[in-house]
Amino acid sequence: MIEIRFHGRGGQGSVTAAEILAKAAFKDGKYVQAFPFFGVERRGAPVMAFTRIDDKPIDLRYQIYNPDYVLVLDDGLLNVVDVFSGIKDNTEVIINTTDFEGSGEHKVYDIDATGIALEMLGRNIVNTIILGYFAKKTNVVSIESLVEVIKETFPGKIGELNAEATQKAYEMG
Amino acid sequence: MIREVMTANKAVAEAARLAKPQVIPVYPITPQTTISEYLAQYVADEKIDAKYVKVESEHSAISAAVGASATGVRVFTATSSQGLMLMHEILFAAAGMRTPFVLADANRAISAPLNIWNDQQDSIAQRDAGWLQIYVENAQEALDTTLMAYKISENPKVLLPSMVCLDGFILTHTVEPVEIPDQEPVDEFLPPYKAEHAFLDPKNPMSIGNLADPDYYLEARHDMQVAMENSIEVIQQTCDEFAEIFGRKYGLVEPYKTEDAEIIFVAMGSLCSTIRVIVDQLREQGEKVGLLKIRAYRPFPVEAIDEAVKNCDKLAVIDKNVTFGIGGALYTDIKAKIHKEAYGFIAGLGGRDITPDSILEVYEKTKNVPEKEVTWIGLKEE
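Just so you know, the sequences run in chain order G and W.
Residues in the first sequence are numbered consecutively from 1, following our numbering.
Residues in the second sequence are numbered consecutively from 1, following our numbering.
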């Protein structure tokens, strides 16, 4: 089983990202589960979301405490919440940032998802973009399924643009 | 048939669509809200040919549901927590008037302190209303049970309303794969509802739910008791019919590795999934342990429980509710009806996460005989 934890702020689409990832992995033939950290969501407040992916039906019904992957949509959160909480030796962490200096203690990848978002979408929404980078880095999900689900989730022009931006992040991975 | 990734709330709305209700009076409340939203959308898109009644409160929603159902049409509604509390008075009327409709309850804690998260106190507090209550474990079971609930409630031997209880957030806001059946097999399984006995019809006027003086009231209540007893067989029958058409098997209870178990967990709802994983883990370590999932809480399936636990030494009953001064509701029912050494555990109130460690703690305590009959799991010490 693969467990993924998303960190973002209310309004950044972390929950949607967790669901898109689950739906894409489902298209790849996997069993999936995705859910938000159950709370009172407010725009701007730190939020979490979770995805589980497995080859057999998923029977776990509690939050993810020891993720295999952590995706951080907003590097401002690094000063606010412990995004490394409960991670394992081989956990990979992907952070949307331009100036992260890791201690080398954890396996951290950084991507300027905000840069891609501002350039291609015209606004700082990085939830699909970071998934593209994640797909390339980890092979947990196929880019084809990811792009399909993004287009289904956001019909029309927005979906097309998001799919392109996600593809670009994939190629940078 | 299609398979899609969706929340249990959407699965319930899909079931309601497939059941073809004619009237849907519903009032939104977290975490049920998306059920009412999906249904509003389906009605607007003409995917359901139903009257969607916008009401000003849950008390009105359930009153409209009873009124509509009393005219002999199929009715669906849904609520949660404080909404179900506000319905309390009319829940008894619905059962007493023998209106066989279905309500989905997104299980959520009760105020005070104010809490929007999951436990099962809301529906447990309605257990004496005369409703059937079935607790589900996942989104697929939520869909399937909603369909079955109509067939059970509308059975002339039952004619009592059903409550489908699904854990708030843990199921209502979690997406997972769900199989949505085609309309045709659903129509075959669940033909249109035809009220045969008492229903409101201008051509054949009658009153329902009127005054019953001491000469009649006792018999009316006894009829409900008989109907509840009848429902045991009807639930099993309906589950069997459902399995024949859709291939998914359900029952009054679901035993897991209970045959040779020395200790059996007893629980309801989504928690059973995690327990099953822990049972497998403990089995690998050589522990003889099993799980008995209770689906039907009302009627209380005493024979089915007896059969499943007959070989075990001890029961560990986990409740996401509390009846203050005595223990969890499921635990006290088990103690009253099942003659086994049983211990009660209160866990997960107000959304406290029930982790594998919580379940292992329940197991260890039960194995070594707990200090108290009822133990609260995860309680922070001062």
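Glycine included, each C-beta is placed from N, C-alpha and C at the ideal position.
Source: prediction; values computed, not measured.
Worksheet item: Looking at the unbroken alpha helix (DSSP H) that takes in G:Glu117, where does it start and where does it end?
Response: Before going further, note that residue 117 of chain G is Ala rather than Glu in the sequence given. Annotation for G:Ala117: the continuous alpha helix (DSSP H) segment containing it runs Ala113 to Met120.
Worksheet entry | Test item: CB-CB of G:Ile94 and G:Ile111 under 8 Å | For the 8 Å CB-CB criterion, G:Ile94 and G:Ile111 form a contact.
Worksheet item: My guess is that G:Ala49 and G:Ser14 are in contact by the Cβ rule of under 8 Å, so how many angstroms apart are they, rounded?
Response: Confirmed, about 5 Å.
Worksheet item: Between W:Glu156 and chain G, is there a C-beta pair that is closer than 8 Å?
Response: What sits at residue 156 of chain W in the sequence shown is Pro, not Glu. Judged by the 8 Å Cβ criterion, W:Pro156 is not in contact with chain G.
Discussion item. Quick test of the definition: if touching needs 3 or more C-beta pairs under 8 Å, does the region 64–73 of chain G touch the region 1–15 of chain G?
Written reply: By the C-beta criterion, the region 64–73 of chain G is judged to be in contact with the region 1–15 of chain G, since at least 3 inter-stretch pairs fall below 8 Å.
Item to complete: Give the straight-line distance between the Cα atoms of W:Gln281 and G:Leu73, rounded to the nearest whole angstrom.
Response: A direct Cα-to-Cα measurement between W:Gln281 and G:Leu73 gives close to 35 Å.
Fill in: Closest Cα partner of W:Ser270 within the set W:Tyr52, W:Lys151, W:Val164 and W:Ala13
Nearest option by C-alpha distance: W:Val164.
Worksheet item: Name the DSSP beta bridge partners of W:Phe169, please?
Response: BP columns for W:Phe169 are empty, so no partner.
Item to complete: Would you kindly work out how many angstroms separate the C-alpha atoms of W:Met383 and W:Glu184, rounded to a whole number?
Response: It is not possible to answer for residue 383 of chain W, since the shown part of chain W is limited to 1 through 382.
Worksheet item: Which residue or residues does DSSP assign as beta-bridge partners of G:Arg43?
Response: BP columns for G:Arg43 point to G:Gly10.
Worksheet item: Do you know offhand how far W:Gln22's Cα is from W:Arg74's?
Response: Straight-line measurement puts the Cα of W:Arg74 at about 6 Å from the Cα of W:Gln22.
Practice prompt. Taking the CB atoms as reference points, tell me whether W:Leu18 and W:Val136 lie closer together than 8 Å.
Written response: Taking 8 Å as the Cβ cut-off, W:Leu18 and W:Val136 do not qualify as a contacting pair.
Item to complete: Report all residues from its chain with a CB closer than 8 Å to the CB of G:Phe100; omit the five preceding and five following residues, and keep chain order.
Response: Around G:Phe100: Asp75, Leu78, Val108 and Asp110.
Worksheet item: On the three-state DSSP scale, how would you describe W:Pro255?
Response: Note: W:Pro255 maps to strand in three-state DSSP.
Worksheet item: Mind pulling the beta strand (DSSP E) runs of 3 or more residues that sit fully within the region 281–336 of chain W?
Response: Fully enclosed beta strand (DSSP E) runs of 3 or longer: 289–294, 296–298 and 314–319.
Worksheet item: What's the C-alpha gap between W:Asp393 and W:Asn368?
Response: Because chain W in this structure spans residues 1 to 382, residue 393 of chain W falls outside the shown range and cannot be described.
Worksheet item: Within the 8 Å Cβ cut-off, does W:Pro276 reach chain G?
Response: First, the amino acid is wrong: residue 276 of chain W is Arg here, not Pro. True, the Cβ-Cβ gap to chain G drops below 8 Å.
Fill in: Beta carbon of W:Asn115 nearer than 8 Å to that of W:Gly351
The answer is yes: Cβ separation under 8 Å.
Discussion item. What does the alpha-carbon distance come out to for the pair W:Glu119 and G:Lys168?
Written reply: Here residue 119 of chain W turns out to be Asp, not Glu, going by the sequence shown. If you take the alpha carbons of W:Asp119 and G:Lys168, they lie about 44 Å apart.
Worksheet item: Three or more beta-carbon pairs under 8 Å between the region 88–100 of chain W and the region 282–291 of chain W, yes or no?
Response: Touching, no, given that fewer than three Cβ pairs across the two stretches are closer than 8 Å.
Fill in: is_contact[G:Arg42, chain W] using C-beta, thresh 8 Å
Not an interface residue.
Fill in: Through-space distance from W:Asp319 to W:Pro370, alpha-carbon basis
Counting only the Cα atoms, W:Asp319 lies some 16 Å from W:Pro370.
Item to complete: Identify which residue in W:Ala70, W:Thr71 and W:Ile62 has its Cα closest to the Cα of W:Ala78.
Response: Ranked by Cα distance from W:Ala78, the options W:Ala70, W:Thr71 and W:Ile62 are led by W:Ile62.
Worksheet item: Does the Cβ of G:Met1 have 16 or more other Cβ atoms within 10 Å, making it buried, or fewer, making it exposed?
Response: Residue environment: G:Met1 is assigned as exposed (fewer than 16 neighbouring CB atoms within 10 Å of its CB, all protein chains considered).
Discussion item. Cβ closer than 9 Å: which chain W residues qualify as neighbours of G:Gln63?
Written reply: The answer, in chain order, is Asp353 and Thr355.
Worksheet entry | Continuous alpha helix (DSSP H) stretch holding W:Phe242: start and end | Where W:Phe242 is concerned, the enclosing alpha helix (DSSP H) starts and stops at Tyr217 to Phe246.
Worksheet item: So G:Val32 packs on G:Ala22, CB below 8 Å; how close in whole Å?
Response: G:Val32 to G:Ala22, Cβ: 4 Å. Contact.
Discussion item. Less than 8 Å between CB atoms is the rule here; does W:Pro181 satisfy it with respect to chain G?
Written reply: Against chain G, the CB of W:Pro181 has no partner CB under 8 Å away; the residue lies outside that interface.
Fill in: Contacts that W:Val175 makes with chain G (C-beta to C-beta distance below 8 Å)
The contact set of W:Val175 on chain G, defined by CB atoms closer than 8 Å, consists of Glu19, Ala22, Lys23, Val32, Gln33, Ala34 and Phe35 in chain order.
Discussion item. Residues of chain W with CB closer than 8 Å to the CB of G:Asp59, please, in chain order.
Written reply: Correct list: Ser273, Thr274, Arg276 and Val277.
Worksheet item: Ordered along the chain, which non-local residues of its own chain (more than five positions away) have a Cβ less than 6 Å from that of G:Val80?
Response: Same-chain partners within the cutoff: Pro46.
Worksheet item: If you count every other CB in all the chains shown that lies within 10 Å of the CB of W:Gly327, and 16 or more means buried, which is it?
Response: Residue burial is scored here from C-beta neighbours: W:Gly327 has at least 16 other C-beta atoms within 10 angstroms and is therefore classed as buried.
Discussion item. By the 8 Å beta-carbon criterion, what residues does the region 115–127 of chain W contribute toward chain G?
Written reply: Cβ contacts with chain G: Ile116, Trp117 and Asn118.
Worksheet item: How far does the beta strand (DSSP E) with W:Asn118 in it reach, from first residue to last?
Response: DSSP places W:Asn118 in no beta strand (DSSP E); its state is neither H nor E.
Item to complete: In the DSSP assignment, find the unbroken beta strand (DSSP E) run with W:Asp105 in it and report its ends.
Response: According to the DSSP assignment, W:Asp105 belongs to the beta strand (DSSP E) that extends over Val102 to Asn107.
Worksheet entry | 8 Å Cβ cutoff met for W:Pro161 and W:Val234 | No.
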